[in-house]
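Position 224 of the sequence shown, counted from 1, bears residue number 214 in the numbering used here, the numbering being contiguous throughout. Quick reminder that beta carbons are idealized off the backbone N, C-alpha and C, glycines included.
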Amino acid sequence: MVNALLVEKTAAGDQTVHLRHLSEAELPEGDVTVRVAYSTLNYKDALALTGKAPVVRRFPMVPGIDFSGTVEHSDNPAFKPGQKVLLNGWGVGENHWGGLATQARVKGEWLLPLPDAFTLRQVMALGTAGYTAMLCIRALQRQGVTPQSGEILVTGATGGVGSVAIMVLARLGYAVVAVTGRMEEAPFLKDLGAHDVIPRQYLESMTRPLEKARWAGAIDVAGGKLLAAVCASILPYGVVAACGLAAGMDFPATMAPFILRGVTLVGIESVSCPVEERRAAWQDLAALVDVQKLDALTTEITLAEAPEKAEALLSGKIKGRLVVKVEGGA
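In structure tokens, the structure reads:
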């Protein structure tokens, strides 16, 4: 039997989420079956579980855009039974049943071997949030932003992307300025490596096309007015890596930062990212992540607790990372 969180639609069009017992025969098509050890709750997972955005494209759906576990059966020559693997994205948890279940059947091309530096739990403590943070950092580096360029701004600092980004940027020698709506978490953010913490209201108060230039680069998870303010306050030839829409899909900005200061805005798409870039990002994470700090910012929950924690995550009440212990795993 497969234990799974199943999102279903009622006849009235309402969404429900229940812990179900399913047969293995009900799993979707795929050439690799994985015994899932851990999954995680990202912002997108929380939206899927709560129904607060149309993340789920097909019903019924097992959410969970990430998972790690052990191969049970494989018709794909790249993977063998007993091999430890991980998955991020590829529409899993949206169009294809995901990781919030004790088993997952997927295409082998979506899987990556578990990096030697991490346990199954630790790769989910990073999950898509940590992997996306690394994609953002790699984008800044490709655009020539170095620790000598100046301060790097990170919005949504207490969340998954933000907390991992701060930790890795600090390890690389960057001076990180963390932005948060929860200033009581400033000690937590400084422990991760932020050298300064500022309130979100500082950016929210910005309304001009060009503000005082301060930051050489930024990683933004918010979008909306916050992203516009970030772009307006970047130093000439600075770079902004944008990877989230937590504050909205609109972008009420002008061309001034891009034309008058040469600012570059780079969009980060993690779902269908090419395998080569995924591997490179995970190799970087393996080399740079302090696993002790990672463990300290991680909270472990059960499958049954995931829906309630999803509500808390969307309300901004979660700091760091939430790992879902699905079954076994170490």
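Asked	Found
Ala320 burial status per 10 Å Cβ neighbour count (16 or more: buried)	Any reading at Ala320 needs caution, since the residue's pLDDT is 39, under 50, leaving its predicted position unreliable; the model's value is listed next. The residue is exposed, with fewer than 16 neighbouring Cβ atoms inside 10 Å.
Alpha carbon of Phe248 to alpha carbon of Gly171, nearest angstrom	27 Å
Stretch-stretch touch, CB-based, cutoff 8 Å, three pairs: the stretch 47 to 55 with the stretch 82 to 97	yes
First through last residue of the alpha helix (DSSP H) which encompasses Arg111	Leu110 to Arg132
Distance between Gly146 and Val(-3) (C-alpha atoms, nearest Å)	28 Å
Beta-carbon proximity list for Tyr227, same chain, < 6 Å, skipping 5 on both sides	Gly252
Nearest to Asn78 (by Cα), restricted to the options Ala168, Ala115 and Pro67	Ala115
Beta-carbon contacts of Thr0 that lie in its chain and below 7 Å, excluding the five residues immediately before and after	Thr6
Beta-bridge pairing of Asn32 - partner residues as DSSP gives them	Per DSSP, none; premise fails for Asn32.
Local conformation of Phe322 per DSSP, three classes	With the chain running from -9 to 320 in the structure shown, residue 322 is simply not present.
Pairwise C-alpha distance: Ala168 and Phe108	26 Å
Beta-carbon proximity check, Thr122 vs Ile258, cutoff 8 Å	yes
Where the beta strand (DSSP E) containing Gln93 begins and where it ends	Gln93 to Val96
Environment of Phe241 [buried if 16+ CB atoms lie within 10 Å]	exposed
Of the residues His63, Ala94 and Lys34, the one placed nearest Ser13, counting alpha carbons only	Ala94
Selected residue, minimal CA-CA separation from Leu110, among Val75, Trp80 and Leu143	Val75
Residues that Met51 bridges to, as DSSP identifies them	Val(-3)
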